[in-house]
Amino acid sequence: MVSVKVLLALLPLALRATALPSPLEENHLERRVCVPPTNCSPIGNCEFCCRTGVTPNSSGCHSHGETECGDGLVQYHCDSH
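Residue numbers for the sequence shown follow my numbering, beginning at 405 and rising by one.
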């Protein structure tokens with residue numbers, strides 16, 4: 405009898421844990437879509453090097469401050485993240 409009560413108590417938690425995400429929630433796979441700029445050089449997985457003073461012409465590009473590009477170049481990520 406006790407095991408049935410424990411099972412019934414855990415059933416709602418198990419159902420909630422396996423529920424599909426709401427359509428209103430942000431889709432993490434969709435968020436990381438790479439939109440490459442045409443005025444910078446690709447160096448890796450959605451990463452680009454641009455000359456100093458050149459801003460990538462893709463709306464999702466941003467810099468995290470990495471310096472893997474070398475002298476006079478700035479590294480940008482263009483994945484909207």
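For each residue, glycine too, the CB sits at the ideal point set by N, CA and C. Source: prediction; values computed, not measured.
Query, Result
"Which residues share a DSSP beta bridge with residue 481?", "451, 466"
"Does DSSP put residue 441 in a helix, in a strand, or in coil?", "coil"
"To the nearest angstrom, report how far apart residue 438 and residue 405 are at their CA atoms.", "55 angstroms"
"Compare the C-alpha of residue 473 against each of 444, 463, 464 and name the closest.", "444"
"Please report the distance separating the alpha-carbon of residue 461 from that of residue 420.", "43 angstroms"
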